[in-house]
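Everything below concerns the one structure shown next.
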């Protein structure tokens, strides 16, 4: 493989990515790169041979890494990217900051980003996927993001440039989000804390938070919301389509569609990435056969299958 540039960060060869994903599956990355800060990241990308593919990942909460691993460089942001600054109706957060921690830090200082509290993962992924909960989305609060492009350029982009929609954005896949600025309504810290407590209780009653999942597996079908907005809460739910197709509790190897919430693909023991992805595809076929609707993956699937 091409010689990699020098860095103040950390480079690890043949790093098993199963250690870094919530589903605990997947082969190794050729290289895992953990930059020291945004300048280190920019300098590294500017010098890295353009033929080497790069893949930014977060904390692996919404990710299946295939069993053959990922070629090129996987970029994972750590300590240099987990800052949270709150003040004057705004919250500035590093892309590596956990969504839940941003929500709690903001609430403690009287700023309402409580919708982030129950969203698994980190801010970078939340922005890229326009994450949302209980009818509120990143799009509703985001002002701008700072990114590092593949050629090392650092740029600040207004939220409208991202064209955020339901679980999607137009940000290039190899652009690395390093920071996001949000606007937040002011509120009483105690009331915001209680609101988050109630949200957690509601989530734990309906979702398998103790199991090995990657959050919602499939997007709710587009064009089936009460308001017609593509990024609004959808009336027709993926879990209902899965249930109607008889796939709640379906299994393949160590993979299972969760009994508690059928839109949660679960590693029930010793699943491989191939088990999980194939079960997901079987669910999609069954749903299409039963309803004529095609479920779209919400979980990212990356890398190569295991060699024959």
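In the numbering used here, the protein residues as written are 1 to 308. Beta carbons: idealized from backbone N, C-alpha and C, even for Gly.
Count the other CB atoms, across all protein chains shown, that sit within 10 Å of the CB of residue i; report buried if there are 16 or more and exposed otherwise.
i, result
"residue 298", "buried"
"residue 83", "exposed"
"residue 166", "buried"
"residue 134", "exposed"
"residue 35", "buried"
"residue 56", "buried"
"residue 120", "buried"
"residue 231", "Residue placement at residue 231 is flagged as unreliable, the pLDDT there being 43, under the threshold of 50; a coordinate-derived value is accordingly withheld."
"residue 179", "buried"
"residue 186", "exposed"
Beta carbon of residue i, beta carbon of residue j: below 7 Å?
i, j, result
"residue 16", "residue 47", "no"
"residue 295", "residue 250", "no"
"residue 148", "residue 176", "yes"
"residue 236", "residue 291", "no"
"residue 214", "residue 67", "no"
"residue 270", "residue 280", "no"
"residue 122", "residue 98", "yes"
"residue 128", "residue 61", "no"
Can you tell me where the beta strand (DSSP E) holding residue i begins and where it ends?
i, result
"residue 183", "176–183"
"residue 52", "Looking at the DSSP string, residue 52 is not in any beta strand (DSSP E), and its letter there is neither H nor E."
"residue 14", "10–16"
"residue 87", "84–87"
"residue 58", "It is not in any beta strand (DSSP E) - residue 58 carries neither H nor E in the DSSP assignment."
Which residue comes first and which comes last in the alpha helix (DSSP H) that contains residue i?
i, result
"residue 104", "99–108"
"residue 125", "123–128"
"residue 256", "Note, residue 256: premise wrong, no alpha helix (DSSP H); beta strand (DSSP E) at 255–257."
"residue 189", "189–206"
"residue 282", "273–291"
Since residue i and residue j should fall inside the 8 Å C-beta cutoff, what is the C-beta to C-beta distance between them, to a whole number of angstroms?
i, j, result
"residue 65", "residue 21", "6 Å"
"residue 72", "residue 53", "4 Å"
"residue 144", "residue 181", "5 Å"
"residue 116", "residue 100", "7 Å"
Please confirm whether residue i has its beta-carbon closer than 7 Å to some beta-carbon of chain B.
i, result
"residue 95", "Among the protein chains of the structure shown there is no chain B, as only one such chain exists."
Query raised in the report: Counting pairs of Cβ atoms below 8 Å between the stretch 268–278 and the stretch 23–40, do you hit three or more?
Result: With a cut-off of 8 Å, the stretch 23–40 and the stretch 268–278 count as touching, because enough Cβ pairs lie within range.
Query raised in the report: Hey, is the stretch 148–163 in contact with the stretch 207–226, meaning 3+ C-beta pairs nearer than 8 Å?
Result: No, because fewer than three Cβ pairs between the stretch 148–163 and the stretch 207–226 fall closer than 8 Å, the two stretches do not touch.
Query raised in the report: Is the stretch 5–14 touching the stretch 105–117 in the sense that three or more CB pairs, one from each, lie closer than 8 Å?
Result: Flag = no, the stretch 105–117 and the stretch 5–14 do not touch.
Report task. Specify whether the stretch 239–258 and the stretch 194–204 touch according to this definition: at least 3 beta carbon pairs, one from each stretch, less than 8 Å apart. Result -> In short, these stretches do not touch, since the Cβ pair count stays below three.
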